Amino acid sequence: MDALDLARWQFGITTVYHFLFVPLTISLAFIVAGFQTAWFRTGNDKYLKLTRFYGELFLINFAMGVVTGIVQEFQFGMNWSNYSRFVGDIFGAPLAIEGLLAFFLESTFLGLWIFGWDKLPRRIHLACIWIVAVATALSAYIILAANAWMQQPVGFAVNASAGRAELKDIIAVLTNPTVLWAFPHVIAGAFMTGGAFVLGVAVWRLLRRAEDATAPFRTAARVGAVALLIGGLFVVVSGDQLGKHITTDQPMKLAAAENLRTTQASAPFSVFTLWDLSGKQIVSIEIPDVLSILATNNPNGTVQGIDNLQAQFQQQYGPGDYSPIVPVTFWSFRLMIGAGTLAALAALWFLWRMRKGGVPGRGAVAIAIGLPLLPLAANSFAWLFTEMGRQPWIVYGQQLTSAAVSPNIGMLEVGITVVGFTLLYGVLAIVEVGLLAKRIREPLEAVPVAADSTDRPVPFAY
Amino acid sequence: MLHDIWFLLIAVLWVGYFVLEGFDFGVGILLPFIGRNDGERRTLIAAIGPVWDGNEVWLLVAGGATFAAFPRWYATLFSGFYLALFLILVALILRGVAFEYHSKRDSASWRGAWDWAIFVGSALPALLWGVAFANIVAGVPVNSSGDFTGNLLTLINPFGLLGGVVTLCLFITHGATYLSLKTEGELRARANAVVLWAGLVAAVAAVLFLGWTQIQSFVAGSAIASVAAALALLAALAANRLRREGWAFICTALTIAIAVVALFSHLYPNVMPSSTNAAYNLTVSNASSTDYTLTIMTVVAVIFTPLVLLYQGWTYWVFRKRVSGDRVAASH
Numbered sequence: 069m070d071a072l073d074l075a076r077w078q079f080g081i082t083t084v085y086h087f088l089f090v091p092l093t094i095s096l097a098f099i100v101a102g103f104q105t106a107w108f109r110t111g112n113d114k115y116l117k118l119t120r121f122y123g124e125l126f127l128i129n130f131a132m133g134v135v136t137g138i139v140q141e142f143q144f145g146m147n148w149s150n151y152s153r154f155v156g157d158i159f160g161a162p163l164a165i166e167g168l169l170a171f172f173l174e175s176t177f178l179g180l181w182i183f184g185w186d187k188l189p190r191r192i193h194l195a196c197i198w199i200v201a202v203a204t205a206l207s208a209y210i211i212l213a214a215n216a217w218m219q220q221p222v223g224f225a226v227n228a229s230a231g232r233a234e235l236k237d238i239i240a241v242l243t244n245p246t247v248l249w250a251f252p253h254v255i256a257g258a259f260m261t262g263g264a265f266v267l268g269v270a271v272w273r274l275l276r277r278a279e280d281a282t283a284p285f286r287t288a289a290r291v292g293a294v295a296l297l298i299g300g301l302f303v304v305v306s307g308d309q310l311g312k313h314i315t316t317d318q319p320m321k322l323a324a325a326e327n328l329r330t331t332q333a334s335a336p337f338s339v340f341t342l343w344d345l346s347g348k349q350i351v352s353i354e355i356p357d358v359l360s361i362l363a364t365n366n367p368n369g370t371v372q373g374i375d376n377l378q379a380q381f382q383q384q385y386g387p388g389d390y391s392p393i394v395p396v397t398f399w400s401f402r403l404m405i406g407a408g409t410l411a412a413l414a415a416l417w418f419l420w421r422m423r424k425g426g427v428p429g430r431g432a433v434a435i436a437i438g439l440p441l442l443p444l445a446a447n448s449f450a451w452l453f454t455e456m457g458r459q460p461w462i463v464y465g466q467q468l469t470s471a472a473v474s475p476n477i478g479m480l481e482v483g484i485t486v487v488g489f490t491l492l493y494g495v496l497a498i499v500e501v502g503l504l505a506k507r508i509r510e511p512l513e514a515v516p517v518a519a520d521s522t523d524r525p526v527p528f529a530y
Numbered sequence: 007m008l009h010d011i012w013f014l015l016i017a018v019l020w021v022g023y024f025v026l027e028g029f030d031f032g033v034g035i036l037l038p039f040i041g042r043n044d045g046e047r048r049t050l051i052a053a054i055g056p057v058w059d060g061n062e063v064w065l066l067v068a069g070g071a072t073f074a075a076f077p078r079w080y081a082t083l084f085s086g087f088y089l090a091l092f093l094i095l096v097a098l099i100l101r102g103v104a105f106e107y108h109s110k111r112d113s114a115s116w117r118g119a120w121d122w123a124i125f126v127g128s129a130l131p132a133l134l135w136g137v138a139f140a141n142i143v144a145g146v147p148v149n150s151s152g153d154f155t156g157n158l159l160t161l162i163n164p165f166g167l168l169g170g171v172v173t174l175c176l177f178i179t180h181g182a183t184y185l186s187l188k189t190e191g192e193l194r195a196r197a198n199a200v201v202l203w204a205g206l207v208a209a210v211a212a213v214l215f216l217g218w219t220q221i222q223s224f225v226a227g228s229a230i231a232s233v234a235a236a237l238a239l240l241a242a243l244a245a246n247r248l249r250r251e252g253w254a255f256i257c258t259a260l261t262i263a264i265a266v267v268a269l270f271s272h273l274y275p276n277v278m279p280s281s282t283n284a285a286y287n288l289t290v291s292n293a294s295s296t297d298y299t300l301t302i303m304t305v306v307a308v309i310f311t312p313l314v315l316l317y318q319g320w321t322y323w324v325f326r327k328r329v330s331g332d333r334v335a336a337s338h
């Protein structure tokens with residue numbers, strides 16, 4: 069373990085943690101905006117209650133996304149100064165633009181939404197939450213374009229004398245093929261997450277607070293299940309395209325997803341594989357041709373293997389190990405798919421059990437609580453796969469992660485910040501989950517109903 | 007040419023950040039002193055509730071814009087001031103969560119803990135930003151490859167600490183002025199009283215600091231700005247005595263804005279002077295991005311900055327009324 073390893077752990081911990089809140093923020097903003105629109109259109113009290121209820125859960129989550137996002141803006145410079153010097157001409161602009169276009173919109177209009185219930189006309193107040201929702205999606209696109217450039221550098225030239233990559237074509241960076249597929253993939257994954265959350269909470273309320281009026285949460289459960297399933301559908305379609313894209317663009321990542329050692333046609337996909345310590349397979353459940361179909365749309369298609377690519381990269385880039393840690397890529401890829409599939413199946417099951425006024429059995433409480441964790445886990449595994457699968461590169465083919473770290477940050481300094489952030493984040497996670505649980509248990513009626521009469525208290529005010 | 011414009015724009019972003027989040031910091035620091043019971047403290051928090059998050063985004067944009075326009079500056083500064091920035095980040099995280107979670111449980115110990123988080127989370131960055139900027143202006147050890155070679159203790163020097171005291175006192179004055187403008191009755195009276203003594207301490211510290219800066223090396227434009235900042239602060243105190251709170255707030259905002267301008271004009275054309283060897287100075291030209299990138303950034307900034315100012319300004323208009331203690335207290 070050296071400072072480089074610690075810096076990588078820090079990026080992994082802070083980024084995966086940040087991304088627990090991001091997908092919920094994106095999808096809940098849209099879902100809450102949907103509830104409020106339904107209330108605005110129909111005047112049905114049920115939708116106002118749902119807006120308030122899920123709106124408050126959204127805010128508890130949003131706060132964590134905001135504060136953990138500040139670290140993201142700073143840590144490239146703190147731990148990865150040589151990366152910042154090398155890519156700043158290209159990578160910095162999206163970060164600045166994300167702040168100027170999206171963060172200002174999000175934060176300002178969220179403030180207006182929280183405090184504006186009795187100060188703004190209803191139509192304007194509704195527009196505020198929609199602006200927040202659109203801004204979260206805009207922010208996702210811009211930062212994914214920055215990440216896409218690390219996966220597939222485009223629109224640039226390396227200036228060797230200046231020791232940096234220089235931007236030549238901003239449009240190419242913003243329409244990078246990788247972001248065009250990664251964006252729908254991430255947004256769809258976000259809707260799976262928010263859908264699972266809304267569904268899980270609604271089912272819990274229906275089962276554990278049976279004395280409540282059930283109409284609002286029956287609606288919420290349906291909305292959540294449908295969001296999860298539609299999200300799931302788009303996740304599959306976009307994920308398939310993304311997979312085919314990395315086959316040509318980052319073949320090592322695809323090979324590492326399967327642990328395919330040698331290049332072969334009609335490559336199988338292993339659902340489950342165990343290796344012994346020497347790397348020899350002990351058991352493996354394989355489905356013939358499926359990897360070739362996933363990668364190339366053709367059951368006879370050729371998929372490049374790790375060893376062949378390694379030899380090729382050594383010729384191209386000189387001696388070194390150009391393969392990622394295979395067990396990590398192999399299992400994160402499968403756990404991503406597995407967790408997402410389970411979540412979709414659970415949503416189908418709930419929809420089935422709740423058709424025609426039905427209610428799932430008491431045993432479903434455990435499923436309702438576990439359900440939101442599945443897409444959250446799938447998101448985390450997906451990022452682990454994407455980022456770990458790119459290693460040893462920080463910018464694919466252009467800069468090695470080992471060359472990107474801050475040269476003047478020692479073990480002690482990075483150790484202090486790793487431990488500090490991890491402890492702080494751990495404590496905040498407990499606080500946040502506690503608050504969510506408290507709010508979920510509280511009766512709907514606890515929230516003041518009359519929104520726009522001036523003599524009532526502000527619903528979300530501090 | 008373009009990199010000069012971007013140096014100016016970075017200065018503008020820091021002006022925006024310190025003017026706006028400056029009063030948020032001040033309110034946070036004054037929370038346990040002006041707010042004597044839970045209801046009062048909630049009123050104080052409500053005074054910045056709708057705007058603090060939008061104000062903090064100025065920091066994110068300043069950071070992002072520095073990364074985009076001056077990558078070598080961003081890399082050297084953020085890796086160099088490593089532990090100081092870590093403390094600032096921890097403070098900002100705690101403070102942000104504290105604002106949002108403060109009233110989510112009806113328990114005195116819960117609220118008391120978040121009150122402290124708001125206080126520490128406001129005081130620490132208010133102090134450390136001053137320390138950081140004083141050190142940037144004075145110069146820090148930077149080697150030929152642009153890496154900072156000191157540590158956290160390098161930044162803790164008399165000039166740096168005085169800079170910290172200046173920002174701390176200025177933000178307290180600015181925050182108290184904001185509260186005098188946004189609250190009523192007892193709270194308003196207490197805020198007005200704070201403006202005077204905090205303002206006087208800030209004035210003495212600021213004159214010493216800006217004078218010391220000019221003694222280190224005299225820069226005419228920066229010196230004129232320093233004097234203007236001092237005059238604006240005195241005008242703020244005078245306006246406060248006359249209970250012209252709106253004018254007082256404009257003047258404290260101007261004080262902070264002009265002081266930031268004084269520091270940046272003192273820095274120019276360096277962005278991070280090296281105390282090791284002047285040949286290693288990071289400058290607007292050797293630390294900047296390519297003209298192509300700067301052009302794109304300029305277009306984006308020219309279109310969107312006025313829009314941001316417009317809708318942020320509108321927010322302040324929507325929430326222009328004073329917050330009254332009763333209404334907030336009634337919501338629980």
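The listed protein sequences correspond, in order, to chains A and B. Following the working numbering, the numbering of the first sequence begins with 69 at its first residue and continues without gaps. Following the working numbering, the numbering of the second sequence begins with 7 at its first residue and continues without gaps. A virtual CB, placed ideally from N, CA and C, is assigned to each residue, including glycine. Owing to the predicted nature of the structure, the values given are computational and were not obtained by experimental measurement.
- Nearest neighbour of A/Ala363 by Cα position, chosen from A/Gly300, A/Ala379 and A/Thr331, turns out to be A/Thr331.
- A/Asn366 counts as exposed, since fewer than 16 other C-beta atoms from the protein chains shown sit within 10 angstroms of its C-beta.
- Using beta-carbon distances, A/Thr93 does not count as an interface residue toward chain B, since no partner is under 8 Å.
- The criterion of a C-beta distance shorter than 8 Å is satisfied by B/Pro56 and A/Gly179.
- Not one beta carbon of chain B lies nearer than 8 Å to the beta carbon of A/Leu116.
- Against chain B, a Cβ distance below 8 Å from A/Lys187 picks out Val324 and Phe325.
- Straight across, the Cα-Cα distance linking A/Gly502 with A/Leu206 is about 30 Å.
- Per DSSP, A/Phe337 is not a residue of any alpha helix (DSSP H); the beta strand (DSSP E) it occupies stretches across Phe337 to Trp343.
- Going by DSSP, A/Gln143 is part of no beta strand (DSSP E) but of the alpha helix (DSSP H) stretching over Asp113 to Asn147.
- Interface flag for B/Arg194 against chain A is unset, since no Cβ pair is found closer than 8 Å.
- Against chain B, the CB of A/Ala216 has no partner CB under 8 Å away; the residue lies outside that interface.
- For A/Pro475, the nearest CB of chain B lies under 8 Å from its own CB, placing it at the interface with that chain.
- As computed with DSSP, A/Ile355 is found in a beta bridge with A/Phe337.
- Assigned with DSSP and collapsed to three states, A/Leu468 falls in strand.
- A/Asp357 does not reach chain B, its nearest Cβ partner there being about 46 Å away, counting only Cβ pairs nearer than 7 Å.
- Between A/Pro162 and the set A/Phe89, A/Leu92, A/Thr243 and A/Gln384, the nearest pair of CA atoms involves A/Thr243.
- Taking 7 Å as the cut-off between beta carbons, the residues of the stretch 49 to 73 of chain B near chain A are Ile51, Ala52, Gly55, Pro56, Val57, Asp59, Gly60, Val63, Leu66, Val67, Gly69, Gly70, Ala71 and Phe73, in sequence order.
- Secondary-structure assignment with DSSP links B/Asn276 through a beta bridge to B/Thr289.
- In this structure, A/Pro221 sits away from A/Tyr385, with a CB-CB distance that is not shorter than 8 Å.
- Going by C-alpha positions, B/Ala226 is about 9 Å away from B/Ser271.
- Out of A/Thr454, A/Ala288 and A/Asn327, the CA that lies nearest to the CA of A/Phe398 is found in A/Asn327.
- With its beta carbon at least 8 Å from every one in chain B, A/Glu510 lies outside the interface.
- At a cut-off of 8 Å between beta carbons, B/Phe84 contacts chain A.
- Between A/Ile437 and A/Val269, the alpha-carbon positions lie close to 7 Å from each other.
- Taking a 10 Å sphere around the C-beta of B/Gly34, we find 16 or more other C-beta atoms and assign the residue as buried.
- At a cut-off of 8 Å between beta carbons, A/Ala278 makes no contact with chain B.
- Take the alpha-carbon of A/Gly494 and the one of A/Ile81: they are about 11 Å apart.
- Closer than 7 Å at the C-beta level to chain A, one finds no residue of the stretch 177 to 188 of chain B.
- Contact with chain B is found for A/Ala131, since one of that chain's Cβ atoms lies less than 8 Å from the residue's Cβ.
- Between B/Leu174 and B/Ala90, the C-beta gap is not smaller than 8 Å, which leaves the two residues out of contact.
- A Cβ of chain B is located within less than 8 Å of the beta carbon of A/Ala161.
- Taking 9 Å as the upper bound on Cβ-Cβ separation, chain B lies near residues Phe171, Phe172, Leu173, Glu174, Ser175, Thr176, Phe177, Leu178, Gly179, Leu180, Ile182, Phe183 and Gly184 of the stretch 170 to 185 of chain A.
- Under the three-state reduction of DSSP, A/Ala281 is assigned to coil, being neither helix nor strand.
- For B/Glu62, the number of other beta carbons within 10 angstroms of its own is at least 16, and it is reported as buried.
- According to the DSSP assignment, A/Val266 belongs to the alpha helix (DSSP H) that extends over Pro245 to Arg276.
- Across the stretch 469 to 493 of chain A, CB contacts with chain B closer than 9 Å involve Ser474, Pro475, Asn476, Ile477, Glu481, Val482, Ile484, Thr485, Gly488, Phe489, Leu492 and Tyr493, in sequence order along the chain.
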